[in-house]
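Enquirer: Mind looking over this structure? Questions follow.
Residue numbers (full-length UniProt numbering): 1 to 428.
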């Protein structure tokens with residue numbers, strides 16, 4: 001659970017030992033200060049190994065006893081992935097571990113010496129000072145099903161990126177060897193088109209093959225989807241093709257390899273989606289979220305992968321801020337700038353919420369009416385994109401209530417609560 005600024009400052013007292021760690025790939029640097037910012041010891045350089053972590057804990061506990069400061073707080077930047085091993089190690093041993101925003105470290109580093117110099121020792125001290133000022137946050141370190149969902153969604157994103165790359169490479173190869181192919185088959189991922197590409201059929205091969213042989217080949221993959229007219233159109237496209245006529249042997253190998261990779265990734269994606277959809281059902285409140293029309297099990301899995309356990313949050317606004325969907329306004333004197341979102345937070349969570357807002361506005365009656373209200377209200381009407389952001393924020397609040405109270409979502413009640421709308425019948 002995160003705290004308010006005053007609550008964080010209250011934790012920094014004469015019983016607190018504050019340690020800042022600058023994390024790297026092989027070696028980390030630690031600095032220690034008291035609640036007034038005074039150095040209590042020389043820096044510690046320790047390895048990113050179990051022996052190094054034990055050295056840090058032994059060093060911290062010795063200093064804690066020597067200075068009569070039993071409450072140890074260790075802060076670090078959550079940059080990259082190197083910090084995770086240390087953070088989980090400290091958490092498992094009951095050490096209060098916090099994180100500081102890397103942007104704050106970048107801006108605070110000139111406070112002490114008025115120099116933009118950057119090194120590991122200085123950064124560790126800056127991190128400790130930021131923690132002392134109460135400008136830290138409690139990290140989200142998921143465990144159990146939440147950890148499985150986070151890692152699973154990472155793998156899902158990797159597969160999606162690989163699939164997009166393969167699709168682009170297939171399109172590139174078609175443009176080079178058979179530009180007219182997609183005039184016959186609108187989508188190369190269809191069964192018939194996929195089979196021909198997998199077998200390495202290029203314009204030269206199609207010109208040499210008879211219509212009956214091509215039709216028989218296609219029927220292996222697609223029994224009824226393709227007829228003689230399509231085969232004749234394919235032959236015509238091959239006859240007039242302006243595709244490359246050199247490097248055809250390796251061109252066929254390229255198609256075979258790309259289609260094989262495409263099929264493998266598609267199969268793995270289907271299997272992974274099934275696992276994620278099964279895993280998310282073990283999360284309290286997930287059933288109620290999935291029951292919302294327009295929300296899929298994969299969307300809910302992605303939400304919990306980024307947010308973790310909802311009991312770690314006191315208010316849905318904390319999740320909105322975590323996603324970078326909180327609003328900002330530049331204002332000075334009589335000047336008032338445009339209100340936008342900060343985009344400071346989890347990019348994947350923000351993207352997921354924004355992407356689900358569009359289908360919700362189409363398929364869910366309550367969200368559709370709320371979208372119309374935002375777009376066409378008399379005071380401060382929103383653009384389409386702004387409305388989707390507002391719907392994303394509303395969805396976070398709904399997810400939070402469903403996950404913490406274990407209640408069901410009511411479209412009727414949501415419609416009734418929209419300003420300016422009353423007397424509507426129950427949404428279908």
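For every residue, glycine included, the Cβ atom is placed at its ideal position computed from N, Cα and C. The structure displayed is predicted, hence computed values, not measured ones.
By how many angstroms is the C-alpha of residue 97 removed from the C-alpha of residue 278?
Expert: Walking along the chain shown from the start, residue 278 turns up at place 278. Walking along the chain shown from the start, residue 97 turns up at place 97. Residue 278 and residue 97: Cα-Cα distance of roughly 32 Å.
Enquirer: Identify which residue in 171, 239 and 198 has its Cα closest to the Cα of residue 431.
Expert: Residue 431 is absent from the structure shown; the chain starts at 1 and stops at 428.
Enquirer: Rounding to the nearest angstrom, what Cα-Cα distance links residue 236 and residue 173 in this structure?
Expert: Mapped onto the chain shown, residue 236 falls at position 236. Mapped onto the chain shown, residue 173 falls at position 173. Cα to Cα, residue 236 sits roughly 20 Å from residue 173.
Enquirer: If we ignore side chains and look at the alpha-carbon of each, how far apart do residue 220 and residue 259 end up?
Expert: The residue you call residue 220 lines up with position 220 of the chain shown. The residue you call residue 259 lines up with position 259 of the chain shown. One C-alpha to the other measures close to 16 Å.
Enquirer: Going by DSSP, what residue range makes up the alpha helix (DSSP H) through residue 35?
Expert: To locate residue 35, count along the chain shown from 1; it is residue 35. Premise fails: residue 35 is in no alpha helix (DSSP H) and is neither H nor E.
Enquirer: If I measure Cβ to Cβ from residue 225 and keep anything under 8 Å in the same chain, skipping five residues before and after, which residues do I get?
Expert: Taking the first residue of the chain shown as position 1, residue 225 is located at position 225. 190, 191 and 192.
Enquirer: Count the other CB atoms, across all protein chains shown, that sit within 10 Å of the CB of residue 94; report buried if there are 16 or more and exposed otherwise.
Expert: Your numbering for residue 94 matches position 94 in the chain shown. That one is exposed.
Enquirer: So, do the stretch 408-415 and the stretch 357-369 have three or more beta carbon pairs nearer to each other than 8 Å?
Expert: Yes, they touch.
Enquirer: State the start and end residues of the unbroken beta strand (DSSP E) segment that holds residue 74.
Expert: By one-based count along the chain shown, residue 74 stands at place 74. Taken as a continuous stretch (DSSP letters only), the beta strand (DSSP E) holding residue 74 covers 71-76.
Enquirer: Please list, in chain order, all residues of the same chain as residue 309 whose beta carbon is under 8 Å from its beta carbon, the five residues on each side excluded.
Expert: Looking up residue 309 in the chain shown gives position 309. Once the five neighbours on either side are set aside, the close Cβ partners of residue 309 are 142 and 146.
Enquirer: Taking just the CA atoms, how far does residue 129 sit from residue 68?
Expert: Looking up residue 68 in the chain shown gives position 68. Looking up residue 129 in the chain shown gives position 129. For residue 68 and residue 129, the distance between alpha carbons rounds to 20 Å.
Enquirer: State the Cα-Cα distance for the pair residue 429 and residue 304, rounded to the nearest angstrom.
Expert: Any question about residue 429 goes unanswered here, given that the chain covers just 1 to 428.
Enquirer: Buried or exposed for residue 306, please, with buried defined as at least 16 other CB atoms from any protein chain shown within 10 angstroms of its CB.
Expert: Translated into positions along the chain shown, residue 306 becomes position 306. Residue 306 comes out buried.
Enquirer: Rounded to a whole number of angstroms, what is the C-alpha to C-alpha distance between residue 373 and residue 357?
Expert: Counted from its first residue, the chain shown places residue 373 at position 373. Counted from its first residue, the chain shown places residue 357 at position 357. In a straight line, the C-alpha of residue 373 is about 15 Å away from that of residue 357.
Enquirer: Since residue 349 and residue 323 should fall inside the 8 Å C-beta cutoff, what is the C-beta to C-beta distance between them, to a whole number of angstroms?
Expert: For the purposes of this step, residue 349 is identified with residue 349 of the chain shown, where counting begins at 1. For the purposes of this step, residue 323 is identified with residue 323 of the chain shown, where counting begins at 1. Indeed they touch by this definition, with Cβ atoms about 4 Å apart.
Enquirer: Does the beta-carbon of residue 99 have 16 or more other beta-carbons within 10 angstroms, so that it is buried, or is it exposed?
Expert: Working through the chain shown from its first residue, we reach residue 99 at position 99. Buried, because 16 or more other Cβ atoms sit within 10 Å of the Cβ of residue 99.
Enquirer: Would you report the Cα separation of residue 414 and residue 401, rounded to the nearest angstrom?
Expert: Working through the chain shown from its first residue, we reach residue 414 at position 414. Working through the chain shown from its first residue, we reach residue 401 at position 401. Rounded to whole angstroms, residue 414 to residue 401 spans 13 Å at the Cα level.
Enquirer: Contact defined as beta carbons within less than 8 Å: I believe residue 51 pairs with residue 19. What is the distance between those atoms, to the nearest angstrom?
Expert: Reading the chain shown from its first residue, position 51 is the one you call residue 51. Reading the chain shown from its first residue, position 19 is the one you call residue 19. Not a contact, Cβ separation roughly 18 Å.
Enquirer: Assuming residue 46 is part of the beta strand (DSSP E), what are its boundary residues?
Expert: Locating residue 46 in the chain shown gives position 46, counting from the first residue. First-last of the beta strand (DSSP E) with residue 46: 44-47.
Enquirer: The beta strand (DSSP E) with residue 431 in it runs from where to where?
Expert: With the chain represented from 1 up to 428, any question about residue 431 goes unanswered, as that position is not in the structure.
Enquirer: Closest to residue 34 by CA distance: which of 179, 77, 17 and 22 is it?
Expert: For the purposes of this step, residue 34 is taken as the residue at position 34 of the chain shown. If we check each option's Cα against that of residue 34, 17 comes out closest.
Enquirer: Between the stretch 176-184 and the stretch 335-349, can you find at least three pairs of beta-carbon atoms closer than 8 Å?
Expert: These segments do not touch.
Enquirer: Leaving aside the five residues before and after residue 428 along the sequence, list all residues of the same chain whose C-beta is less than 8 Å from its C-beta, in chain order.
Expert: The count along the chain shown starts at 1 and reaches residue 428 at position 428. Per-residue confidence for residue 428 stands at a pLDDT of 27, beneath the threshold of 50, marking its modelled position as unreliable; no derived number is given.
Enquirer: By DSSP, does residue 96 sit in helix, in strand, or in coil?
Expert: Sequence index remark: in the chain shown, residue 96 carries index 96 (1-based). Strand.
Enquirer: Measuring straight from C-alpha to C-alpha, what distance separates residue 169 and residue 285?
Expert: For this step, residue 169 is matched to residue 169 along the chain shown. For this step, residue 285 is matched to residue 285 along the chain shown. So the two alpha carbons sit approximately 41 Å from each other.
Enquirer: Are the beta-carbon atoms of residue 75 and residue 136 separated by less than 8 Å?
Expert: Walking along the chain shown from the start, residue 75 turns up at place 75. Walking along the chain shown from the start, residue 136 turns up at place 136. Cβ distance < 8 Å, so residue 75 and residue 136 count as in contact.
Enquirer: Please classify residue 246 as buried or exposed, where buried requires at least 16 other C-beta atoms within 10 Å of its C-beta.
Expert: Here residue 246 refers to the residue found at position 246 of the chain shown. Per the 10 Å Cβ criterion, exposed.
Enquirer: May I ask you to report which of helix, strand or coil DSSP gives residue 193?
Expert: Mapped onto the chain shown, residue 193 falls at position 193. If DSSP states are grouped into helix, strand and coil, residue 193 belongs with the helices.
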